[in-house]
């Protein structure tokens, strides 16, 4: 027995693949025997070494499969295998059945018995029915398999079945008897009857795998990858049964004349496929001279029929002559040196060796977030399958839809599903965004496929790839053209220019191929495929969009707030790209959906380009911008050319809040018609939608994209200036009669003022800021008003000086804001400062000085400092009456303030007299619905309440609350004060349930408007809880 190769488990793998070819299989054994003999000589061995000691895996088809069994399972030497093969061939092929009974020209029973005899001779008596897997050696050092195909899969579309001498984890076949495997791999149609293998009732009929896998080199490589994984490939030896050509089968023999089958065509295909696999492997291992060895006798032997066993002597002579050829002999010596380890191996990875046979060129991984679209996937698969079954043309389908709707992700999912079901199908992806990226993709495909001539400078790579894929030897393929939007790229314009042929002329044509396009343009789709082969991708519905958001978020619990989820998806228009972008931002910043939604609505500076900025996404091209933004930019250019006023309006609206834009805010056009046309243009592009009241909503994504566009064009600052100048013309002062006007403008003024693109000290901006702050103050939105009032004070102090009247007015207004927020100490400090400065600068009796004294008195009153408040109130009232007159609004305010001080001291009668005086005069002078008049009525009602005059108090409280709700709004702090007062009046009349209900409503609104810590809010909460406790104690 010969010495074995040392350390076989560590060294790179050595593989042996054996072609099919009937009796010509003898040539393979003669070549292998020569190799073994040269090894024997080189290593000075006493005996011819066994092939199983030098190869880790042996695989074969048909006659090559029989040889694989002899060498791998029976562990015979090349000499012994040759003798066994000659005996078997003589027994089986010596007698033809002139009547094709039992399904073949030769007796299957003869082949069965011949194999069984060889098994028993090799393994010992009683082993004729030994199984493929040796029970005593289930993981042999040299593994072997044979290829067969299920009779139901005559086109070999699914792939061959491998009968193995070892166990595998997946795609395991039956552990049949050795002779069954030999019969299956040899069951060539018209030669031998098929064989059924499997459990009773579940038998499968098998034929040989010559039609599709006659050269099993790729199967050997794939199997090695499956069982050895990360091991390196040292060499793979592919032995043929003689080169053949389709012309060798131009004249039919006796069997073709008798049998009604297209045997000639089958033999031609076997010859073509066998040569094609060899050529592909040659290209695959270029640059690795000591890895791939293809030894195959020249064409003379290939002309012999599969069953011409009497010409075995000729095969021996021709093979011997072949081995004596100088080039062949050197190749054999080179192989021997590799096998004995004297030539350093240059191993390659199995993965690389396997993957090059079936190309899978996709720029993106499978999208784990892919959601829904089952209807569209079913449409695609149905269309492709229907066209594929026709077998008369290349299947073609187009996927259309808006940018960002998910066309690319849909086709990606289709590809990965196809790859899972059809692993032998090549997947090729070509981005058609522009000519440069398309050409580069073609170049990459040509290189990876090993297309001959691709590296030549003047090569037409598109034509080469077209030719390669159009050949039947290319196998199954699915070709994707992504973003096929440019009609001119596909259909060449008529003209004399050379080399301008459209891409449509470079499409491969193959019954085994499918082409899928993605495009935004239905017109392009119609040009490329039949109308019925177009699949449209609609926008996601709410359920599908929610699922995508859930898959995209790190913390899926964020979706528990269904209201925020729904609102966010609506803002994102259910667009998949926008949803993924939003999730990326939320994940990165760890924020809630409500926070992101707020960013989209408020549009602060830091998120102006939120949806236009790049973000990490493995499913997007690195060199292409957000397709949604690209779509908007194209549309902007079209609108600017078509309707300048519409473009002007779009620029203007991008500098205000995108929701509820009153048309009165837009700059006037040359005529009312042009204004209507401009808004109509924006509406036609679906950029704006109109509310029932005529206000406009600008699409959220368009708003962001427009700002980004203006910034890049250097026009964003100019547009912001125009907006502020427009507000200077139309934004009113804080007279309560203007409330309906300022209410609709306030959100847009705020957006414009928050911009940092204009000079903060610009007078027009500061004047607008002042009016904006005072309108917020009049609305009782003191927390919001504090910001603009503080900014005006800071600018005024710096620009005009701390003692300037305007500065003091700003300071007084900020102090009043603090007072209304319940920040008494801060208010007092500012009021004292204002009062003292005004006394010094303006004098004791100046109206502004009196106002500052009154404000300070109010602060004392809120702190319970009644005596100090009374002293100031009396001083202000007397001076104001003398200087301004008894009916001046400021005088009436001072009288009301003194009445409030009396009221807080329990001096009800004195308070009542003053309250009545103020109410009557205010009603006459200012009007019954003036805020000051309502305050005086409320004060009188409180005085009645403290005197137990419930009915009179209730009538006045109801009057104030209803009028205040109508004039100031239901959530205005003054309205809430009247609500609070009415609740106390109801409680005083023992209407406990109504009082508690109204106080609870008042508390909730105050918490919302004033904040949870405002003194009025906490007072309402304490009162509500106290009343509830009292009800429990008395059992109500």
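Numbering (UniProt numbering), first residue to last: 1 to 1036.
Yeah, the Cβ is synthetic: ideal placement off N, Cα and C, and Gly gets one too.
Only a predicted model underlies this, so the values are computations on that prediction, with no experimental measurement involved.
| Query | Result |
| --- | --- |
| Drop a sphere of 10 angstroms on the beta-carbon of residue 468, count the other beta-carbons inside from all chains shown, and report buried for 16 or more, exposed for fewer. | buried |
| Apart from the five residues on each side of it in sequence, which residues of its chain come closer than 6 Å, Cβ to Cβ, to residue 209? | 61, 147, 148, 149 and 160 |
| Residue 431 by DSSP, collapsed to three states: which one? | strand |
| Is it buried or exposed, residue 378, if we count other Cβ atoms within 10 angstroms and call 16 or more buried? | exposed |
| So the candidates are 240, 193 and 224; which of them puts its Cα closest to the Cα of residue 215? | 240 |
| If distances are taken between C-alpha atoms only, which option among 119, 206, 164 and 777 comes closest to residue 152? | 206 |
| In whole angstroms, give me the CA-to-CA distance for residue 1032 and residue 1021. | 17 Å |
| Report the residue ranges of all beta strand (DSSP E) runs contained in full by the stretch 426 to 486; include only those spanning at least 3 residues, in chain order. | 426 to 431 and 477 to 482 |
| Give the DSSP-derived three-state secondary structure of residue 349 in the structure shown. | strand |
| What residues match up with residue 1038 in a beta bridge as DSSP calls it? | Beyond the ends of the chain as shown, which are 1 and 1036, falls residue 1038; an answer cannot be given. |
| Give me the Cα-Cα distance between residue 1027 and residue 688, rounded to the nearest whole angstrom. | 51 Å |
| Is residue 529 helix, strand or coil by DSSP? | coil |
| Would you call residue 59 buried or exposed, if buried means 16 or more other Cβ atoms sit within 10 Å of its Cβ? | buried |
| May I have the straight-line CA-CA distance separating residue 553 from residue 586, to the nearest angstrom? | 8 Å |
| Considering only residues of the same chain and omitting the five flanking positions on each side of residue 1030, which have a CB-CB separation below 7 Å? | none |
| Do residue 334 and residue 289 have their C-beta atoms closer together than 9 Å? | yes |
| Put residue 44 into one of helix, strand or coil per three-state DSSP. | coil |
| In or out: residue 451 buried (at least 16 other Cβ within 10 Å) or exposed? | buried |
| According to DSSP, is residue 674 part of a helix, a strand, or is it coil? | helix |
| Can you tell me whether residue 849 is buried or exposed, with buried defined as 16 or more other CB within 10 angstroms of its CB? | buried |
| Locate the beta strand (DSSP E) running through residue 146, then write down its first and last residues. | 143 to 150 |
| In this structure, does DSSP put residue 761 in helix, strand or coil? | coil |
| My output table needs one value for residue 912: the three-state DSSP class, helix, strand or coil. | helix |
| What residue does the beta strand (DSSP E) around residue 223 start on, and which one ends it? | It is not in any beta strand (DSSP E) - residue 223 instead sits in the alpha helix (DSSP H) that spans 217 to 228. |
| Quick one: what's residue 724 bridged to in DSSP? | Residue 724 pairs with nothing; no bridge assigned. |
| Count the other CB atoms within 10 Å of the CB of residue 708; is the residue buried (16 or more) or exposed (fewer)? | buried |
| In whole angstroms, what is the alpha-carbon distance linking residue 911 and residue 702? | 59 Å |
| Return helix, strand or coil for residue 291, following the three-state DSSP convention. | coil |
| Given residue 657, which residues of its chain have a CB within under 6 Å of its CB, disregarding the five upstream and five downstream residues? | 747, 748 and 751 |
| Starting from residue 957, trace the beta strand (DSSP E) in both directions and tell me its first and last residue. | Careful: residue 957 lies outside any beta strand (DSSP E), inside the alpha helix (DSSP H) at 950 to 967. |
| Mapping the DSSP letters down to three states, classify residue 208 as helix, strand or coil. | strand |
| Find out if the Cβ-Cβ distance for the pair residue 803, residue 815 is shorter than 9 Å. | no |
| Spatial neighbours of residue 499 within its chain, please: C-beta separation below 6 Å, excluding the five flanking residues on both sides. | At residue 499 the pLDDT is 44, less than 50, meaning the model places this residue with poor confidence; the figure from the coordinates comes in the next sentence. Nothing listed; no residue qualifies. |
| How many angstroms separate the CA atom of residue 559 from the CA atom of residue 544? | 13 Å |
| With DSSP as the reference, label residue 823 as helix, strand or coil. | coil |
| Nearest to residue 341 by alpha carbon, out of 82, 13, 851 and 1024? | 13 |
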